[in-house]
Every structure is written in C-alpha cells, then in structure tokens.
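Notes to accompany the following structure.
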Amino acid sequence: MKIAFFDTKPYDRSAFEKYGAENDIKFKFFEAKLNEDTAELAHGFDGVCVFVNDTVNAAVIDKLVELGVRIVALRCAGFNNVDMKYAFGKIHVVRVPAYSPYAVAEHTMALLLTSIRRIHKAFIRTRDYNFSLAGMTGFDLHGKTVGVIGTGRIGRVFIDICRGFGMKVLAYDKFPAPGLDNGDTIRYVSLDELFAESDIISLHCPLTEETYHVIDAAALEKCKKGVVLLNTSRGALVDAEALLAGIKNRQVGAACLDVYEEESDLFFEDNSGHILDDDTLARLISMPNVIVTSHQAFLTEEALTNIAETTVQNLADLRDKGECPNELCYRGGAAEDCKCGKCF
Ligand code: NAI
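Using the working numbering, you'd call the opening residue of the sequence shown number 70 and step up by one each time.
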C-alpha cells in the first residue's frame with residue numbers, strides 16, 4: 070500500500086516509517102500541504118495522509134477520486150478541514166480519535182500557569198539578571214472557577230488537572246458526559262452561566278457550524294472582567310478581532326492560544342524573517358498578557374507514537390478488512406441523526 074504523506078515535518082517521519090514498514094505500508098513524504106494545487110502529487114498512491122492545515126475540500130476530493138486515491142487518513146482528531154458531506158460515499162476518511170488527551174490538557178495547564186504566574190516574563194528578566202518582582206503578581210488557582218466548554222477526552226483530562234489544583238468546574242457540552250456532574254465541584258451549566266461565573270474559560274469542543282466563534286464580542290461581554298481565555302482546540306472557536314478588542318478594553322485579563330483562526334499559512338513554519346501580514350495576530354502577540362504557541366499542544370513523544378500507530382492501523386484495516394472503526398461517515402444533516410454507528 071502506497072500513501073502520499075502531506076505537510077511533512079521532521080518529527081513525523083521516524084514513527085511513520087517504523088510502523089509503516091511493519092505493516093507493509095510505504096509512505097512518500099511531501100513537504101507541501103495538500104490543496105487544489107498539490108493534489109496531483111497523489112497520482113499513483115492508494116491514499117493520502119494529512120494533518121490539520123491540509124485542505125480536503127470538494128475540489129481536492131474530486132481530484133483525489135479522479136486519481137484513484139481511495140483513502141484520506143487524517144493523522145489528527147479534528148476534521149473541520151475535510152468537507153465530510155462531500156466526501157461521503159466517494160472516499161474513505163479515517164482519523165486518530167485520541168492519541169494523547171494528556172498532551173493537550175497538560176499543555177493547556179502549562180499555558181495557564183505560565184500566563185498567570187508570569188513565567189514568560191520571569192524567563193526573559195532573569196536572563197538579563199533583572200531580578201525585580203515588579204509587575205509579577207499572579208493569583209492562586211485554588212478556589213477559582215474554570216469554565217470548560219467541551220467535556221470530551223481532552224476536556225475531562227483538563228478537568229481532572231484543574232480539580233488537582235482545587236478549582237471549581239463549570240462545564241458546558243452539547244452532549245454532557247454521564248456521571249461527570251457531581252452537583253458540587255463539577256457542574257454542567259448553560260453557556261451563559263459559564264460565561265458569567267468563570268474566572269478562566271478553556272475551549273475543548275470541536276469546530277463546527279455551531280461552535281464557530283463561540284467566543285465572540287457578545288460572549289466576552291457576558292464574562293467576568295479579567296477573564297482568562299484558553300484555546301487549545303481550534304482557532305475559529307474564537308473571534309480574534311473581538312478577543313483583541315477585549316484585551317484592549319481590559320475585559321479579558323489574559324489569553325493563551327495554541328490555535329488561531331488564520332493559522333494555516335503561518336503556524337508550523339519559521340516566519341521569523343518575514344513581515345507578518347496579519348495585523349490582528351501581530352497585535353495579539355505584542356500584548357504582555359497574551360501567549361501564543363503554534364499548535365504544539367499535541368506534540369509529545371507519546372502522542373507522535375500513538376498517531377503513527379493508529380494511522381497505520383487505520384490504513385491496514387481498510388486494506389485488509391475493507392472497514393475501520395475510526396472511519397468518519399457523515400451522511401449530512403445533524404450528526405446525531407446518523408444511525409450508521411460510525412459518525413462522530
Ligand atoms: P472529543 O470528541 O473527545 O470531545 C469533544 C467534546 O465536544 C464532546 O464531548 C462533544 O460532545 C463536545 N461538543 C460537540 N459539539 C459541541 C458544541 N456545539 N458545544 C459544546 N460542546 C460540544 O474530542 P477531544 O479529543 O477532546 O478533542 C477536542 C478538540 O481538541 C478537537 O476537536 C480538536 O479541535 C482539538 N485538538 C487540538 C489539538 C492541539 O494540538 N491543539 C490536538 C488534538 C485535538
């Protein structure tokens with residue numbers, strides 16, 4: 070089986086080569102992202118392996134099908150970059166539903182602690198032998214209320230971590246997890262109550278039409294003044310312009326972003342020699358109370374190994390059995406109405 074691997078980074082290759090060789094799957098690594106201009110590279114391959122910023126829209130799907138490509142193997146959990154409705158019935162789409170919820174949840178807490186204890190400032194100061202503490206006052210997490218939007222795998226690990234710090238949890242999910250609400254330290258509430266009562270808000274839901282800009286100007290207005298916003302999920306959950314305005318007018322106390330709405334042309338690449346065209350991102354990065362990491366929350370040894378292992382297994386399942394438990398098959402309409410048993 071031959072797979073065209075798009076948007077390759079140096080850290081991707083070794084695990085995929087190892088597990089691929091063990092399962093008779095040969096990867097050809099391309100640095101280019103998959104899009105309308107590069108889809109032709111998949112000529113002669115059985116499948117493509119793609120990541121979060123590859124584009125799998127209708128035009129790309131048509132091209133892949135025309136080339137005889139049968140599988141889109143996402144080496145990630147989110148699939149908002151795939152036109153699932155269009156793909157249905159034309160090409161198999163498989164994903165890695167969970168590779169390390171700990172990686173993302175722990176990174177989220179790392180960002181929060183860095184921000185509120187000013188570790189990013191201290192690191193720079195002490196390297197310059199500046200041992201002043203002026204402006205470094207943080208706040209205790211113990212006793213604070215964290216609002217968690219999306220209580221799936223990552224959201225629940227993050228809740229566990231927050232509970233370890235003695236925080237109270239307000240949760241919101243379209244499909245609440247049975248048994249999570251204990252009526253006391255962890256409670257499911259409406260979005261409005263979560264906005265009004267949370268000191269910190271962390272996003273762990275997928276990007277869908279419903280969750281697009283779940284944090285917009287109206288939502289920020291409902292929040293406590295000084296709220297800390299954490300987004301390690303998907304950039305477009307947050308209206309970046311509204312966030313910037315919220316930072317400027319002090320409604321938002323701090324923001325930690327591992328993802329950004331317009332990240333696809335910037336994140337994962339070294340742009341240090343370029344003039345940044347995105348004024349909103351540039352202004353956000355210039356703020357002392359904003360921390361940006363470039364979609365690195367997933368990046369641990371454990372996650373990379375699990376991603377490669379599961380992706381190879383997904384491909385082998387489709388090759389050997391014609392089906393795969395990690396296949397996505399969105400038939401259109403509301404996802405919860407689909408009875409195929411394979412939908413998200
Ligand atoms: P999951 O599928 O286990 O959990 C997602 C949760 O969101 C589910 O409980 C679901 O019911 C809930 N949800 C769905 N629609 C909702 C809505 N309209 N409002 C509120 N909640 C809703 O997914 P998992 O593994 O926890 O991942 C969460 C997200 O994290 C992914 O969708 C992905 O976007 C992001 N992610 C980011 C990574 C990074 O490196 N920064 C790495 C991996 C995932």
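Cβ coordinates follow ideal geometry from the N, Cα and C atoms, glycine included.
Query raised in the report: Can you give the Cα-Cα distance for residue 388 and residue 94, rounded to whole angstroms?
Result: 10 angstroms
Query raised in the report: If we call anything under 8 angstroms between Cβ atoms a contact, is residue 114 one with residue 73?
Result: yes
Query raised in the report: If you draw a straight line from the alpha carbon of residue 85 to that of residue 365, how long is it in whole angstroms?
Result: 19 angstroms
Query raised in the report: Where does residue 171 sit, in a helix, a strand or coil, going by DSSP?
Result: helix
Report task. Please list, in chain order, all residues of the same chain as residue 307 whose beta carbon is under 6 angstroms from its beta carbon, the five residues on each side excluded. Result -> 284, 300
**Report entry** Backbone secondary structure at residue 271 - three-state DSSP
**Finding:** strand
Query raised in the report: Closer than 7 angstroms: is that where the CB of residue 151 sits relative to any heavy atom of ligand 1?
Result: no
Query raised in the report: DSSP beta-bridge partners for residue 337?
Result: Its beta-bridge partners do not exist; DSSP assigns none.
Report task. Look at residue 286 and residue 314 and say whether their C-beta atoms are less than 8 angstroms apart. Result -> yes
Report task. Kindly confirm or deny that the region 209-227 and the region 173-181 touch, where touching means at least three C-beta pairs closer than 8 angstroms. Result -> yes
**Report entry** Exposed unless 16 or more other CB atoms sit within 10 angstroms - verdict on residue 165
**Finding:** buried
Query - Separation of residue 379 from residue 137, as counted between CA atoms - result: 23 angstroms
Query - Whole-angstrom distance between residue 187 and residue 447, CA atom to CA atom - result: The chain is shown from 70 up to 413; residue 447 falls before or after that span and cannot be answered.
Query raised in the report: Exposed or buried, what is residue 102 when buried is set at 16 or more other beta-carbons lying within 10 Å of its beta-carbon?
Result: buried
**Report entry** Three-state class that DSSP yields for residue 219 in the structure shown
**Finding:** coil
Query raised in the report: Are the Cβ atoms of residue 189 and residue 195 separated by less than 8 angstroms?
Result: no
Query raised in the report: Between residue 397 and residue 153, which are expected to be in contact by the criterion C-beta below 8 angstroms, what is the C-beta distance as a whole number of angstroms?
Result: 6 angstroms
Report task. Kindly give me the distance between the Cβ atoms of residue 275 and residue 256, rounded to whole angstroms, as I take these residues to be in contact under 8 angstroms. Result -> Wrong, their Cβ atoms sit about 22 angstroms apart, outside the cutoff.
Query - Contacts around residue 168, its chain only, beta-carbon distance under 6 angstroms, and the 5 residues preceding and following it disregarded - result: 372, 375, 376
Report task. Apply the 10 Å Cβ neighbour rule to residue 150 and answer buried if 16 or more other Cβ atoms are within range, or exposed otherwise. Result -> buried
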